[in-house]
Amino acid sequence: MPPYGKNVRAMDQLMDNDKKDEEISQHEPSMRELNLLIREVVSSSSWWDLYGVDLAIMFLNLGLLPFGYLLLGCRSMLLFILGHLLLSYIHATFTVKLAHASLHNALAGSSRFINRLLSMFFIEIWGGFTDVGSYEAHIKLHHPYTNIIGLGDSSSWRAPFLGRNMYLFFAPLFLPPLYLIVGLKMLAGRWWLQIRFLFVVILGHMMHFCLFRYAAGLSTHWSLLCNFSVRGVFSIPYIHVNIFQHIGLPMYDVKKQPTRLYRLASAVLNLQRNPLLDFNFGHSFFSCHIEHHLFPHLSDNMCLKIQPVVSSYFKKHGLPYNEATYASRLRTFYNNYEELMVKAPPITEFIGIQ
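UniProt numbering puts the first residue of the sequence shown at 1, with every later residue one more than the last.
This is the structure in structure tokens:
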């Protein structure tokens, strides 16, 4: 199959249902029924819908990189700020939207090899984090065990020793410099992977330094400063989105959990569309997170395309379809920080919004 052909593996994945769902009567909502509806949408979609839109966004951002460095090298403070913001936006698009899609094998069609190369580039070389650790934490834990206590419950995002203002508005700015330490810790005991990761990350930082130093014409000190400041601009909303979409929703004991459909319906939340963050972080990461958890091998654009089908199906069968604005979730977490981010979440034995 050509690398950018229709992803047969992704379509087959749509029929990989929970065994529990097979025992549910035809009058009850099930992953099997929803899979059939989504498969129809996927089968009738063009290559442009499946992958073209997201690949176009990738190439557009790559094309804008020279303009960012050109603006950054201008003597005008206004143009410098515009260049810095543009490069920050591109950096977040690479390390969140495109890294997330390639990690799920959803960016470059059915080609695992190309997706893996893109994943390594966006996560390790450009983002300075570990591709292997990301795969293990996100693909092997977070998705199969979404909101299962002790497994995929998003508890790794908690920092109980930090106050609400520090955690929500200041600490995320210092997250990028810690990626190397966190990555090495995730690969503990695997010295070869640690050496490879260290080498690739250092290579990536050297590449960024050279771009700031020679493409933008900045001094050594400004090149070092921009190398880290560009990474931090969107780190605050990045942390926010990660905690807004799961924490505060039902958590389950691994031995007392409902079927996958019910669990994901109750434990995942979509943020209402935002013209800035939707394309920067990706629909599957921001406004179509429910759809992404149900069908993780679909591209960002396809998650957006199937959203009306999923929403209609959930509401028709009385399933919760959690939606909120970014501002409302921020208020919720600010006002209930102690309960949500410090204390351990209660275990929910069945569906119910906490």
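Here a beta-carbon is modelled for each residue, glycine too, at the ideal position from N, C-alpha and C.
Extent of the continuous beta strand (DSSP E) run through residue i
i, result
"A101", "No beta strand (DSSP E) contains A101, which is instead part of the alpha helix (DSSP H) from A99 to L103."
"L225", "From DSSP, L225 is part of no beta strand (DSSP E) but of the alpha helix (DSSP H) over T220 to G232."
Cβ-based neighbour list, residue i, same chain, cut-off 6 Å, excluding 5 preceding and 5 following
i, result
"F169", "none"
"W157", "N242 and I243"
"H289", "Q245, V268 and N270"
"I123", "A99, F129, D131 and S134"
Element boundaries [alpha helix (DSSP H), containing residue i]
i, result
"N35", "M31 to S43"
"E291", "H289 to L294"
"Y69", "V53 to L72"
"L336", "The sequence given here places Asn at residue 336; Leu does not occur at that position. Neither: N336 is in no alpha helix (DSSP H) and is coded neither H nor E."
"K316", "D300 to K316"
"S119", "R112 to S119"
"G83", "M77 to A92"
Identity of the residues DSSP links to residue i by a beta bridge
i, result
"N322", "L269"
"K256", "D253"
Three-state secondary structure assigned by DSSP to residue i
i, result
"I148", "strand"
"E22", "Reliability of the predicted coordinates at E22 is poor, the pLDDT of 47 falling under 50, and the value obtained from them is presented with this limitation in mind. Here E22 sits in helix by DSSP."
"G282", "coil"
"L330", "helix"
"Q245", "coil"
"A137", "helix"
"A106", "coil"
"N274", "coil"
"L264", "helix"
"G189", "coil"
"P160", "coil"
"D49", "helix"
"L211", "helix"
"D153", "coil"
Close-in-space but distant-in-sequence residues of the same chain around residue i (CB under 8 Å, 5 per side omitted)
i, result
"L249", "N147, S266, A267, V268, L269, N322, I353 and Q354"
"Q272", "S287, E323, A324, T325 and Y326"
Sequence-distant residues of its chain with Cβ nearer than 7 Å to residue i (five each side left out)
i, result
"R231", "H91 and P176"
"L65", "I90"
"K68", "Before going on, a small fix: residue 68 reads as Gly here, not Lys. Excluding positions up to five away in sequence, the list reads G83, L86, L87 and I90."
"G282", "V96, K97, H100, A101 and D300"
Chain D within 7 Å of residue i, Cβ atoms only
i, result
"S287", "In the structure shown, chain D does not exist; there is a single protein chain."
Check: residue i C-beta below 6 Å from any heavy atom of the ligand ATP
i, result
"L187", "Among the components of this structure there are no ligands whatsoever, and the ligand ATP is therefore not found."
Okay, do the stretch 26-45 and the stretch 76-83 touch, 3+ Cβ pairs below 8 Å being the bar? Result no; under three Cβ-Cβ pairs closer than 8 Å.
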